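One rule links them: number in the working numbering = place in the sequence shown (from 1) + 941. Glycine included, C-beta positions come from ideal geometry on N, C-alpha and C. Keep in mind that this is a model prediction, so the values were computed, not measured.
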Amino acid sequence: MVPDKDQHLAKKARMVAVVIAVTMLVWLGAQWLGGKLGLPTRYAFLLDLAALAGFVWSFVVMYQIWRDTRRKD
């Protein structure tokens, strides 16, 4: 692979890692805070859907990275 392409894939991988970590931390914190504040259940489901969207995006980008590493130059 070309070093420039390697750097691009590494940058994408770091971004995926950050999105997964931040999504998980925000989701856990929001669930805890929602329980403490007594927010309605519908807000918990909204937070769950937002977290799922972040994880789905991450898996799509991970698949793209994997596919790009398998592609011949």
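Any idea what DSSP makes of residue i, helix, strand or coil?
{"i": "residue 1012", "result": "coil"}
{"i": "residue 988", "result": "helix"}
{"i": "residue 970", "result": "helix"}
{"i": "residue 950", "result": "helix"}
{"i": "residue 980", "result": "coil"}
What is the C-beta distance between residue i and residue j, in whole angstroms, given that I count them as a contact (C-beta under 8 Å)?
{"i": "residue 985", "j": "residue 975", "result": "6 Å"}
{"i": "residue 971", "j": "residue 988", "result": "5 Å"}
Taking 8 Å as the cut-off, decide whether the C-beta atoms of residue i and residue j are in contact.
{"i": "residue 964", "j": "residue 992", "result": "yes"}
{"i": "residue 960", "j": "residue 998", "result": "yes"}
Inter-stretch contact (C-beta, 8 Å, three-pair minimum) for the segment 944-957 and the segment 994-1011: yes
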